[in-house]
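The structure under discussion appears below in the form of structure tokens.
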Amino acid sequence: MKHIGKFTAALAAATMLSLSAGATDLAIVHGAIGKDNEVLRKELDRFEEQTGHKVEIVSMPESTTDQFSQYKLWLAAKSTDIDVYRIDVIGAAQIADHFVDLKEAYADIIDDYVPAAVESQMVDGKLVALPMFLGAPALYYRKDLLDKYGEEVPATWQEMTATAQKIMDAEREAGNGDMWGFVFQGAAYEGLTCNAQEWIASFGGGRIVEADGSIGINNDKAAEALDLAKSWIGTIAPEGVLNYKEEDARGVFQSGNAVFMRNWNYAYALAAGDDSPVKGKFAVTTLPVGAEGEKSAATLGGWHLGVSKYSEHPEEAIELVRFLNNYDNQKERAIETSRPPTLNAVYADADVAAEQEFIPLWKPVVDNALPRPSAATKRKYNEVSSEFWTAVHNTLSGDGSAKQNLAKLEAKLKRLKGNSW
Amino acid sequence: MTTRTAISTLSRQRILSAWLFLAPMLVVLAAVALYPLARTIYFGFTDASIDFTSEAQWIGFRNYLEYLDYGDGEGEYFGLLADEGWWSAVWNTLRFTVTSVFFETVFGLVIALVLNTSFKGRALVRAAVLIPWAIPTIVSAKMWAWMMHDQFGILNDMLIRLHLISDPIAWTASPDTAMIAVMMVDIWKTTPFMALLILAGLQMVPADIYEAAKLDGVNPVRLFRKVTLPLIMPAVLVAVVFRALDALRVFDIVYVLTPNNDRTRTMSVFARENLFDFDKFAYGSAASTLLFLIVALLTISFIYATRMNVEADE
Numbered sequence: 005m006k007h008i009g010k011f012t013a014a015l016a017a018a019t020m021l022s023l024s025a026g027a028t029d030l031a032i033v034h035g036a037i038g039k040d041n042e043v044l045r046k047e048l049d050r051f052e053e054q055t056g057h058k059v060e061i062v063s064m065p066e067s068t069t070d071q072f073s074q075y076k077l078w079l080a081a082k083s084t085d086i087d088v089y090r091i092d093v094i095g096a097a098q099i100a101d102h103f104v105d106l107k108e109a110y111a112d113i114i115d116d117y118v119p120a121a122v123e124s125q126m127v128d129g130k131l132v133a134l135p136m137f138l139g140a141p142a143l144y145y146r147k148d149l150l151d152k153y154g155e156e157v158p159a160t161w162q163e164m165t166a167t168a169q170k171i172m173d174a175e176r177e178a179g180n181g182d183m184w185g186f187v188f189q190g191a192a193y194e195g196l197t198c199n200a201q202e203w204i205a206s207f208g209g210g211r212i213v214e215a216d217g218s219i220g221i222n223n224d225k226a227a228e229a230l231d232l233a234k235s236w237i238g239t240i241a242p243e244g245v246l247n248y249k250e251e252d253a254r255g256v257f258q259s260g261n262a263v264f265m266r267n268w269n270y271a272y273a274l275a276a277g278d279d280s281p282v283k284g285k286f287a288v289t290t291l292p293v294g295a296e297g298e299k300s301a302a303t304l305g306g307w308h309l310g311v312s313k314y315s316e317h318p319e320e321a322i323e324l325v326r327f328l329n330n331y332d333n334q335k336e337r338a339i340e341t342s343r344p345p346t347l348n349a350v351y352a353d354a355d356v357a358a359e360q361e362f363i364p365l366w367k368p369v370v371d372n373a374l375p376r377p378s379a380a381t382k383r384k385y386n387e388v389s390s391e392f393w394t395a396v397h398n399t400l401s402g403d404g405s406a407k408q409n410l411a412k413l414e415a416k417l418k419r420l421k422g423n424s425w
Numbered sequence: 062m063t064t065r066t067a068i069s070t071l072s073r074q075r076i077l078s079a080w081l082f083l084a085p086m087l088v089v090l091a092a093v094a095l096y097p098l099a100r101t102i103y104f105g106f107t108d109a110s111i112d113f114t115s116e117a118q119w120i121g122f123r124n125y126l127e128y129l130d131y132g133d134g135e136g137e138y139f140g141l142l143a144d145e146g147w148w149s150a151v152w153n154t155l156r157f158t159v160t161s162v163f164f165e166t167v168f169g170l171v172i173a174l175v176l177n178t179s180f181k182g183r184a185l186v187r188a189a190v191l192i193p194w195a196i197p198t199i200v201s202a203k204m205w206a207w208m209m210h211d212q213f214g215i216l217n218d219m220l221i222r223l224h225l226i227s228d229p230i231a232w233t234a235s236p237d238t239a240m241i242a243v244m245m246v247d248i249w250k251t252t253p254f255m256a257l258l259i260l261a262g263l264q265m266v267p268a269d270i271y272e273a274a275k276l277d278g279v280n281p282v283r284l285f286r287k288v289t290l291p292l293i294m295p296a297v298l299v300a301v302v303f304r305a306l307d308a309l310r311v312f313d314i315v316y317v318l319t320p321n322n323d324r325t326r327t328m329s330v331f332a333r334e335n336l337f338d339f340d341k342f343a344y345g346s347a348a349s350t351l352l353f354l355i356v357a358l359l360t361i362s363f364i365y366a367t368r369m370n371v372e373a374d375e
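Residue numbers (our numbering), protein chains in the order written: chain A, 5 to 425; chain B, 62 to 375.
The structure is reproduced here in structure tokens:
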């Protein structure tokens, strides 16, 4: 009886405590790739310890296209279930109306962030999301194989093609029948838009839609870039690459079956992990260029944290976003997931440089990364991107030539644009 | 005179109570089926956007067909009926439906005939056959996606070991095989359903007909064609209608298994893409409405056509 009384008292005390501390339940949604989920959970555990709030992770599929549709459904229904959304860099302009303006809440810290990242999240003077981490893809290459065959790290896509072919042929002759030259993201989804706009921009073919909204994608340089990419399918890249997303490409590269891979920064930490067959055998460099004198192009990626307008606990949610993006957590993410941080200072951190040597080197790449035309095309971006990846995917799978598909794409984009975006 | 009014009062009461008993079901049906359907059809005639459905404006048939005059004597047709993407989706769906339902019926019939004979452990085999049907489609599609993977997939591994192919096939990625891959998975998954329905039909066939045929010395092929098949035909046709209905709105297998391109995109995938991925909620609603009309039309004409056949056979 005494015990029960004690227990009840303790329970009452605990309830009182949690009530007085104003502990609330929050939910954060993100699409996890690689180690994202476990690292986020660890950070949330610390947040829970500090504040007494509880935070639940809602996990999403790998494809950003799928995630975004689900977000739109929740937001259209004004769902109170989700407090914090992790939004793709391209999403801000399309769903800005559903998010809290964070400009004032973070006025004290916003100047510490990478300007390009903050800029990408400003819609009509409103800060839609606080940048969490960035993405600027790299060319992963097998250092050991390049050394073995006396090849240089390729500077142009043409060199990359030749080197990949040579090493692949030699390795296959030596009995490694599963070896491929190059893997990338070739499935018909947002990832292919990123890959293909890099090829085209680095050939001097311009952007899908220019920043001022004009459409100049149907040009010879763009066609040349796509023709080269088409020549990879079935030669240096497996035909299955036409259905590969990030993790499929990493699967092939990390099991040691590809000489080159185009992938985001997260793959570095995983391919360098203790259980990775290619640990210590690979390195990264900037993506090749299409022709001498052109600049390498890396798509600006990244995921940013926004607070839903329909959240029942916006203040706690804002506190959570601030916590997740503080120096210590960004540093931890940079080290554990090899994602480029959004705080300028973390790039200069000695520990980060020691653990992930490429992050400090990646600052200029991040600063000059190529944005997708999400700002110019506004709410039509998803459709623009879908038309673009369809044109590229058709070209790669041999359904029409690059020239034909680009001409068709131009017509479709013009029709989509109408009088203005 | 008095008796007649008494009867009619009684029957009125019975009719009234019948409606009373039906009412809850009708209300629920109206709420969960009729209302959403009406909303979808309505949105098809507006310019609604998914996050601002309340601000939708009525625009008539412009989502279906609209002629835009450029003012210089030239012009272009817009809208679903002029959208080649939509028609390729319709074509893909029909191709998928006809092919997969055909093979499912043939395999289902064979399996049902086998299961109908008596052998040891028949109950166990009957249960085992149902396993593919019991697995949720998303799970089986994902499972097959791994089995068909071009680098790690077991399917390629098996075919190469058997020396049937020399290089791995990118089943789901290659435009030549993507639709075949989708059909393979669908046939694998729903043949048990067909087999089950046909088996039920087979068990309705009276055994004495077979005994009589045996006494008359009818050969098995003739027996099957002249006796079994006509008798189970109604069951087969019902099964075919069910499957065709299901196949016409196929979504999950295509969505999980193959890249999102014109080769495999079906009507449902097309509608979903416009509804949720693009900012074209109204256009997607119009596509859903057309999908509904096409399925309704095909079903009605199929039922009509087959009923004629069945009657002719009798």
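Positions of the beta carbon are idealized from the N, C-alpha and C atoms, including for glycine.
- By DSSP's assignment, proline 345 of chain A forms a beta bridge with A/Phe137.
- The Cβ-Cβ distance between aspartate 340 of chain B and lysine 384 of chain A falls below 8 Å.
- If you draw a straight line from the Cα of alanine 261 of chain B to the Cα of lysine 58 of chain A, it is about 54 Å long.
- Isoleucine 94 of chain A and arginine 376 of chain A do touch by the CB rule: their CB atoms are close to 5 Å apart, below 8 Å.
- Annotated three-state conformation of phenylalanine 186 of chain A is strand, per DSSP.
- At a cut-off of 8 Å, the C-beta of glycine 208 of chain A has no neighbouring C-beta in chain B.
- Of all residues in the region 102-120 of chain B, only Ile111, Asp112 place a beta-carbon less than 7 Å from a beta-carbon of chain A.
- Scanning its chain for C-beta atoms nearer than 7 Å, with the 5 sequence neighbours on each side dropped, one finds around alanine 205 of chain A the residues Arg211, Ala301, Leu374, in chain order.
- Counting the other CB atoms within 10 Å of its CB gives proline 368 of chain A a total below 16, which places it among the exposed residues.
- Counting the other Cβ atoms within 10 Å of the Cβ of asparagine 330 of chain A gives fewer than 16, which makes it exposed.
- Between the alpha carbons of proline 141 of chain A and aspartate 49 of chain A lies a distance of about 30 Å.
- The beta carbons of isoleucine 240 of chain A and tryptophan 161 of chain A sit about 11 Å from each other, so the pair does not count as a contact at 8 Å.
- Taking 8 Å as the cut-off, the Cβ atoms of methionine 244 of chain B and threonine 160 of chain B count as close.
- The beta-carbon of threonine 350 of chain B is placed no less than 8 Å from the nearest beta-carbon of chain A.
- Against chain B, the beta carbon of proline 242 of chain A has neighbours under 8 Å at Asp211, Gln212, Pro229, Ala231, listed in chain order.
- Around proline 236 of chain B, the beta-carbon contacts reaching into chain A at under 7 Å are Ser401, Asp403.
- For asparagine 199 of chain A, the uninterrupted alpha helix (DSSP H) run begins and ends at 194-206, by DSSP.
- Closest in alpha carbon position to valine 288 of chain B, among B/Ile270, B/Pro320, B/Ala305, B/Ala296, is B/Ile270.
- DSSP places glycine 146 of chain B in the helix class (H, G or I) of the three-state scheme.
- Any Cβ of chain A closer than 8 Å to the Cβ of aspartate 307 of chain B would place that residue at the interface, and such an atom is absent.
- Bounds of the alpha helix (DSSP H) holding isoleucine 314 of chain B are 313-318.
- Sorting A/Ala406, A/Trp425, A/Thr394 by C-alpha distance to the C-alpha of glycine 190 of chain A places A/Thr394 at the top.
- Inter-residue distance for lysine 335 of chain A and serine 349 of chain B is about 48 Å (C-alpha atoms, whole angstroms).
- Residues of the same chain with a CB within less than 7 Å of the CB of glycine 402 of chain A, apart from the 5 flanking positions on each side, do not exist.
- Close to proline 320 of chain B, with beta-carbon spacing below 8 Å, are these residues of chain A in chain order: Ala191, Ala192, Tyr193, Leu246, Asn247, His397.
- With respect to chain A, the C-beta atom of aspartate 144 of chain B has no partner C-beta closer than 8 Å.
- Tyrosine 248 of chain A carries a coil assignment under DSSP once its states are collapsed to helix, strand and coil.
- Note on valine 93 of chain B: under 16 other CB atoms within 10 angstroms of its CB, so exposed under the neighbour-count rule.
- For proline 320 of chain B, the closest alpha carbon among the candidates B/Ala242, B/Leu225, B/Leu141, B/Thr198 is that of B/Ala242.
- Ranked by how close their Cα comes to the Cα of lysine 285 of chain A, the residues A/Ala349, A/Asn261, A/Gln125 have A/Asn261 in first place.
- Pairing valine 127 of chain A with valine 311 of chain A gives a Cβ-Cβ distance that is not under 8 Å.
- At a cut-off of 8 Å, the C-beta of phenylalanine 339 of chain B has a neighbouring C-beta in chain A.
- Residues of chain B with a Cβ closer than 7 Å to the Cβ of serine 73 of chain A are, in chain order, Phe337, Asp338.
- Taking 8 Å as the threshold, the shortest C-beta distance from arginine 383 of chain A to chain B falls below it.
- Rounded to the nearest angstrom, the Cβ distance from aspartate 231 of chain A to alanine 406 of chain A is 5 Å, consistent with a contact under 8 Å.
- The C-alpha of threonine 289 of chain A lies about 53 Å from the C-alpha of valine 190 of chain B.
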